[in-house]
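Written below as structure tokens is the structure these notes are about.
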Amino acid sequence: MRKSFIESKYFNILLHILIWSTFFILQTLIFQASTPERLILGDEFMAKSFYYRFLFQGIIMVSLYYMNSLFYIPHLLFKNKAIKYVMVLLLTIAVIIVLDNTFNNLIEFRRRIFAKAPPITIFISIFIIAVSTSIKLVQKWFEHEANQKNMVHEKTNSELALLKSQVNPHFLFNTLNGIYSLANAKSDKTAHAVFKLSQLMRYMLDESKQEFVPLSSELDYINTFIELQKLRLFDNVKVDINVKGEADNIRIQPLLLIPFIENAFKHGTDSTSDCMINIDLDINKESIQLVVKNDILKSRSEEGMSGFGLNNIKRRLELEYPDKHVLVTETINKKFIVKLFISID
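695 is the number of the first residue of the sequence shown in my numbering; add one for each residue after it.
In structure tokens:
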């Protein structure tokens, strides 16, 4: 998944530049406010001492920031060792104060121009700790959110892959049964049926692995499927398919429409009565609408109209087109009707 700018390394670099620019500006203002200007300008020793202290405290605070960010927080605070974390911070601040006073003594601040140094040092240390801890907690939160999204995404992809794989054996089982019937009857249509099946299998093996396929390819697949079904059906079964609109520039998820058509052949055909299957597909730039109608036969009424394929595709639509599809199934005048609307804008 694509990372947001906040999660990128560029944001992290800019954030650190902003933090340290702000810190050194504040430090300069604090020293200027706490140190008489006449001592700095009129005494070369004091001027050097001022800049030495500025450099010394900058090194101390940079070290404190990254020790807290890279070691204390990951190894103590994030490991549920809050008490140890607080104790280590207090010990670190104490060490910084000792080092600060020692540094002052080494450079012999006789005029005590930095008499307020320890309180200032404590204030700056707490500020640095608060900033580094806040940033680390925010980064941890973003990392947690990203991991949660990745887990959901991976789970969704795994479920979709499973649903797609379930389409193939179900379809293959039904088709092989039809070819077996042709072969058992020694029909001349058997060889042609096997050829059509090979075309369908090639599509399922190659194209269906893609996230999106041209709608025109999906329609070719559907037409091949219908031709294969016609080879095994009797003349009492009529199939009427109408397609409106241009499919060339439209892309959809593979094997998305075929379950509705397969379901119509499975539940709406037999050899004892006249059967009619109507397939209407309306295509435009923003959406596609599929309507499939099949007769409800007495011989198939006990099997139900939902079928494995429809239950499968309902779940796929929920995952692949959330809030962008409407699926309606209804029974009118002894016909089972499926209406599917998909927004593709």
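Glycine included, each C-beta is placed from N, C-alpha and C at the ideal position.
Work out the CA separation of residue j and residue i for me, nearest whole Å.
{"i": "S967", "j": "Y874", "result": "22 Å"}
{"i": "Q833", "j": "V756", "result": "19 Å"}
{"i": "S981", "j": "D934", "result": "22 Å"}
{"i": "G1043", "j": "K992", "result": "This structure leaves residue 1043 out entirely; the chain is present only between 695 and 1039."}
{"i": "L984", "j": "D976", "result": "7 Å"}
{"i": "T716", "j": "K775", "result": "31 Å"}
{"i": "Y766", "j": "A824", "result": "13 Å"}
{"i": "I1007", "j": "N972", "result": "19 Å"}
{"i": "D900", "j": "Q893", "result": "11 Å"}
{"i": "R804", "j": "Y779", "result": "With a pLDDT of 43 at R804, under the threshold of 50, the modelled position of this residue cannot be trusted; read the value that follows with caution. Roughly 37 Å separates the two Cα atoms."}
{"i": "V782", "j": "S828", "result": "17 Å"}
{"i": "K643", "j": "N943", "result": "Here the chain comprises residues numbered 695 to 1039, so residue 643 is not present and cannot be evaluated."}
{"i": "L831", "j": "F797", "result": "33 Å"}
{"i": "A788", "j": "Y759", "result": "15 Å"}
{"i": "I707", "j": "Q751", "result": "22 Å"}
{"i": "E912", "j": "L951", "result": "8 Å"}
{"i": "I822", "j": "W835", "result": "20 Å"}
{"i": "V937", "j": "H838", "result": "47 Å"}
{"i": "S1037", "j": "L1011", "result": "11 Å"}
{"i": "L925", "j": "I916", "result": "14 Å"}
{"i": "L785", "j": "A840", "result": "35 Å"}
{"i": "D1039", "j": "V907", "result": "15 Å"}
{"i": "L793", "j": "L764", "result": "22 Å"}
{"i": "D929", "j": "L922", "result": "14 Å"}
{"i": "D914", "j": "P953", "result": "15 Å"}
{"i": "I919", "j": "F867", "result": "One point to set straight first is that residue 919 is Phe, not Ile, in the sequence displayed. Distance between the alpha carbons of F919 and F867 is about 14 Å."}
{"i": "C969", "j": "I1026", "result": "15 Å"}
{"i": "M898", "j": "H710", "result": "51 Å"}
Let me know the secondary structure DSSP gives residue i once reduced to three states.
{"i": "L770", "result": "coil"}
{"i": "T815", "result": "helix"}
{"i": "I935", "result": "strand"}
{"i": "I1038", "result": "coil"}
{"i": "L1004", "result": "helix"}
{"i": "E1014", "result": "helix"}
{"i": "E1024", "result": "strand"}
{"i": "K668", "result": "The structure shown does not extend to residue 668, since the chain is modelled only from 695 to 1039, so the question has no answer here."}
{"i": "K1040", "result": "Here the chain has residues from 695 to 1039 only, and residue 1040 is not among them."}
{"i": "L899", "result": "helix"}
Compute the beta-carbon to beta-carbon distance between residue i and residue j, rounded to the nearest angstrom, for a pair I have assumed lies under 8 Å.
{"i": "L876", "j": "K883", "result": "5 Å"}
{"i": "V1022", "j": "V986", "result": "With 8 Å as the limit, V1022 and V986 do not qualify as a contact, their Cβ atoms being about 11 Å apart."}
{"i": "K1029", "j": "D974", "result": "Actually they do not touch by this definition, with Cβ atoms about 13 Å apart."}
{"i": "L909", "j": "I946", "result": "5 Å"}
{"i": "H1019", "j": "L1004", "result": "About 14 Å separates the two Cβ atoms, so there is no contact after all."}
{"i": "I719", "j": "I754", "result": "Their Cβ separation, rounded to whole angstroms, is 17 Å, which puts I719 and I754 out of contact at 8 Å."}
Should residue i be labelled buried (16 or more other beta-carbon atoms within 10 Å of its own) or exposed?
{"i": "P948", "result": "buried"}
{"i": "F889", "result": "exposed"}
{"i": "F748", "result": "exposed"}
{"i": "P768", "result": "exposed"}
{"i": "Y1015", "result": "buried"}
{"i": "Q842", "result": "exposed"}
{"i": "H961", "result": "buried"}
{"i": "L770", "result": "buried"}
{"i": "I818", "result": "buried"}
{"i": "A879", "result": "exposed"}
{"i": "Q904", "result": "exposed"}
{"i": "T869", "result": "buried"}
{"i": "S826", "result": "buried"}
{"i": "F957", "result": "Residue 957 is actually Asn in this sequence, not Phe. Per the 10 Å Cβ criterion, buried."}
{"i": "L712", "result": "exposed"}
So within the stretch 938-995, which uninterrupted beta strand (DSSP E) runs reach at least 3 residues, ignoring any that extend past its ends?
969-977, 981-989
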